[in-house]
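As structure tokens, the structure follows; a few thoughts come after it.
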Amino acid sequence: MTINLTDPVFHDETKAREFLEKQRWPHGPVCPYCNETKNAVRLGGEAAAKGQVLCRPCRKKFTVTVGTVMERSHIPLTKWLMAFRLMASSKKGMSAHQLHRMMGITYKTAWFLNMRVREAMGLGPDPAKSAGPLGGAGKIVESDETFVGGKAKNAKKGKPTPKKTPVVALIERGGEMRAKVVADVTAKTVRKVLVTQVSRKSHLMTDDSLVYYWLGREFAAHDSVNHSKDEYVRGKAHCNTAESYFALLKRGIMGSFHSVSEQHLQRYADEFAFRWNHRQLDDTARANEIIKATKGKRLTYRPTNEA
Numbered sequence: 001m002t003i004n005l006t007d008p009v010f011h012d013e014t015k016a017r018e019f020l021e022k023q024r025w026p027h028g029p030v031c032p033y034c035n036e037t038k039n040a041v042r043l044g045g046e047a048a049a050k051g052q053v054l055c056r057p058c059r060k061k062f063t064v065t066v067g068t069v070m071e072r073s074h075i076p077l078t079k080w081l082m083a084f085r086l087m088a089s090s091k092k093g094m095s096a097h098q099l100h101r102m103m104g105i106t107y108k109t110a111w112f113l114n115m116r117v118r119e120a121m122g123l124g125p126d127p128a129k130s131a132g133p134l135g136g137a138g139k140i141v142e143s144d145e146t147f148v149g150g151k152a153k154n155a156k157k158g159k160p161t162p163k164k165t166p167v168v169a170l171i172e173r174g175g176e177m178r179a180k181v182v183a184d185v186t187a188k189t190v191r192k193v194l195v196t197q198v199s200r201k202s203h204l205m206t207d208d209s210l211v212y213y214w215l216g217r218e219f220a221a222h223d224s225v226n227h228s229k230d231e232y233v234r235g236k237a238h239c240n241t242a243e244s245y246f247a248l249l250k251r252g253i254m255g256s257f258h259s260v261s262e263q264h265l266q267r268y269a270d271e272f273a274f275r276w277n278h279r280q281l282d283d284t285a286r287a288n289e290i291i292k293a294t295k296g297k298r299l300t301y302r303p304t305n306e307a
């Protein structure tokens, strides 16, 4: 991970704002209220906030941070850009403690900043609506599950073993992936994830779990490998790609975060899915994609802390 700490965008608030505007508004200001792209005027003078723009059609004022995870944040834009870059560059993830030490901000601020960047890296509550379904005619989609957390050695004396949380991974070979934290891995639960996120025209690849016995028949084709008999690959049939994502997720949690609560696990899963989907980009380009993904996403401290 190499970051040019002398870059003005990490030290000069005006340069940082100009950089954000270039990434979010490459063709000029876009009103977050009415999506107007042509009739906006930049406001100046002492009464106007820095970078403030007036949308003539709806008469509302806005800046480049309105309608994003950065809205109403008191954190300098230079710090935001540094956080985007650090989290895009760190392959195993960047903990709040690391941000706190590296950026010189309080742990509470670093934790909330961390969560808001992860919120930007996610696809929202309905990924199929925001990004379309995975797979399609002639395309292979792998589906697999794993369990995160809940190690017996971490159980306190007299207390039950911590609960393991299931995560379902869906990966289109040669394409993108998604991860979904679920309540259980029953056929009903897994089916809901698959039929809402994967095109039924896809060729489904799974292991030999009974969950997929009937579910696989809802797709154009279904092949499975029998892990219980040590079969992991049979021709094109395997779910090793999904398992490689799980390996990255678990190594990241163990190495950078040590443990993750069930209520926040989805954001961590989204973070690693984002890096997986943008693994072909360099660190700078990946950070810029996070900035673009901030559009339409908001997160306040109380719901985040209570979620």
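Oh and the sequence shown: position 305 is 305 in this note's numbering, straight run, nothing missing. For every residue, glycine included, the Cβ atom is placed at its ideal position computed from N, Cα and C. Keep in mind the model is a prediction, meaning the values are calculated, not measured.
Check: Residue interval of the alpha helix (DSSP H) (run including Ile171); Outcome: Here Ile171 belongs to no alpha helix (DSSP H); instead the beta strand (DSSP E) covers Thr165 to Glu172.
Check: Sequence-distant residues of its chain with Cβ nearer than 6 Å to Ala128 (five each side left out); Outcome: Thr196 and Gln197
Check: Length at least 3, wholly inside the stretch 77-140: the beta strand (DSSP E) runs in chain order; Outcome: none
Check: The alpha helix (DSSP H) enclosing Ala247, as first and last residue numbers; Outcome: Asn240 to Gly252
Check: Tyr212 versus Thr65 - alpha carbon distance; Outcome: 44 Å
Check: Residue burial classification, Pro125 (beta-carbon count within 10 angstroms, cutoff 16); Outcome: exposed
Check: Reference Gly132; option with closest CA among Leu123, Lys139 and Ile140; Outcome: Leu123
Check: Beta bridge counterpart(s) of Asp223 as assigned by DSSP; Outcome: Met205
Check: Integer-rounded CB distance, given that Leu86 should sit under 8 Å from Met70; Outcome: Going by Cβ atoms, the distance from Met70 to Leu86 rounds to 16 Å, so no, they are not a contact pair.
Check: Anticipated Cβ contact below 8 Å, Pro57 with Asn39, distance rounded; Outcome: 6 Å
Check: Unbroken alpha helix (DSSP H) run spanning Ala16, endpoints; Outcome: Glu13 to Arg24
Check: Distance between beta carbons of Phe272 and Leu248, contact taken as under 8 Å; Outcome: 6 Å
Check: Residues of its chain near Gly28, where Cβ-Cβ distance is below 8 Å and the 5 sequence neighbours each way are ignored; Outcome: Thr37, Lys38 and Ala40
Check: Whole-angstrom distance between Val9 and Ala16, CA atom to CA atom; Outcome: 4 Å
Check: Exposure of Gly93, with buried meaning 16 or more beta-carbon neighbours within 10 Å; Outcome: buried
Check: Alpha-carbon to alpha-carbon, Gly235 and Gly296; Outcome: 43 Å
Check: Cut-off 7 Å between Cβ atoms - residues of its own chain near Thr68, not counting five sequence neighbours on either side; Outcome: Thr294, Lys295 and Lys297
Check: At least 3 beta-carbon pairs within less than 8 Å: the stretch 182-190 vs the stretch 271-291; Outcome: no
Check: Per-residue burial, Asn288 [other beta carbons within 10 Å of its own, 16 or more giving buried]; Outcome: buried
Check: His11 classed as buried or exposed, judged by whether at least 16 other C-beta atoms fall within 10 angstroms; Outcome: exposed
Check: Spatially closest choice to Gly136 from Met82, Leu204, Thr6 and Gln98, by CA coordinates; Outcome: Leu204
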